[in-house]
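Novice: Residue numbers (our numbering): 1 to 143. Below is one structure. I have some questions about it.
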Ligand SMILES: Nc1nc2c(ncn2[C@@H]2O[C@H](COP(=O)(O)OP(=O)(O)OP(=O)(O)O)[C@@H](O)[C@H]2O)c(=O)[nH]1
Ligand SMILES: [Mg+2]
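Here it is, written out as structure tokens:
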């Protein structure tokens, strides 16, 4: 089981669909949702401190947490050291690398500031770039 966290619109739900090779379009996530080996969370939970304990408790159901950041969004929306509150390993994922204005290096820096260590995975849910590497990593972790 994996859990995805990250700001509103970062591409968490789209990434779950892409990893499951499911072509349906992502709808806004409005509650924590368990399905097909993954836990999807609303972006608001990563942006509002009052939801942090809910995220941390829910993460106990997962083996790995994927911290998702949009490569086209330069705003820093996760607090420094955010990753440390999770009781599971946190893996950084940079999404939307296909999109105009995507800045992978700056986004990795933001993940580092949130307390996440390498390796980072840079992916596009739309083109499929990077998904094989991420899948291989997760299989290696027996997720
Ligand atoms: N270009 C591009 N757009 C993407 C990609 N992944 C997601 N998007 C777009 O980004 C928007 C938000 O995607 P979602 O998957 O709903 O984002 P989310 O993180 O689940 O958002 P919340 O449910 O609000 O937390 C949608 O319009 C997607 O089509 C990607 O890899 N490339
Ligand atoms: Mg969503």
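For each residue, glycine too, the CB sits at the ideal point set by N, CA and C.
Taking the alpha-carbon positions, what's the residue 21 to residue 131 distance?
Specialist: Translated into positions along the chain shown, residue 21 becomes position 21. Translated into positions along the chain shown, residue 131 becomes position 131. One C-alpha to the other measures close to 10 Å.
Novice: Taking 8 Å as the threshold, find out whether the stretch 97-112 comes into contact with the stretch 135-142 through three or more Cβ pairs.
Specialist: Counting Cβ pairs under 8 Å, fewer than three are found: no touch.
Novice: Is it right to say residue 57 is buried, meaning 16 or more other beta carbons lie within 10 angstroms of its own, or is it exposed?
Specialist: For the purposes of this step, residue 57 is taken as the residue at position 57 of the chain shown. Label assigned to residue 57: exposed.
Novice: Can you check whether the CB of residue 5 is closer than 8 Å to the CB of residue 45?
Specialist: Taking the first residue of the chain shown as 1, we reach residue 45 at position 45. Taking the first residue of the chain shown as 1, we reach residue 5 at position 5. Yes.
Novice: With residue 47 as the anchor, note down where its alpha helix (DSSP H) starts and where it stops.
Specialist: Along the chain shown, read from residue 1 onward, the residue named residue 47 stands at position 47. It spans 43-47 - the alpha helix (DSSP H) in which residue 47 sits, taken as one unbroken run.
Novice: Provide the residue span of the beta strand (DSSP E) that contains residue 69, from first to last.
Specialist: As a position in the chain shown, residue 69 is number 69, starting the count at 1. Unbroken beta strand (DSSP E) run through residue 69: 64-70.
Novice: How would you label residue 122, buried or exposed, when you count the other beta carbons within 10 angstroms and need 16 or more for buried?
Specialist: Indexing the chain shown from 1 puts residue 122 at position 122. Label assigned to residue 122: buried.
Novice: Mind listing which residues have their beta carbon within less than 7 Å of any non-hydrogen atom of ligand 2? Chain order is fine.
Specialist: Working through the chain, the matches are 12, 13, 26, 28, 29, 40, 42 and 43.
Novice: Check this for me: beta carbons of residue 88 and residue 59, under 8 Å apart or not?
Specialist: By one-based count along the chain shown, residue 88 stands at place 88. By one-based count along the chain shown, residue 59 stands at place 59. Contact: yes.
Novice: I need the boundaries of the alpha helix (DSSP H) containing residue 143, first residue and last residue.
Specialist: Taking the chain shown and counting its residues from 1, one reaches residue 143 at position 143. Careful: residue 143 lies outside any alpha helix (DSSP H) and carries neither H nor E.
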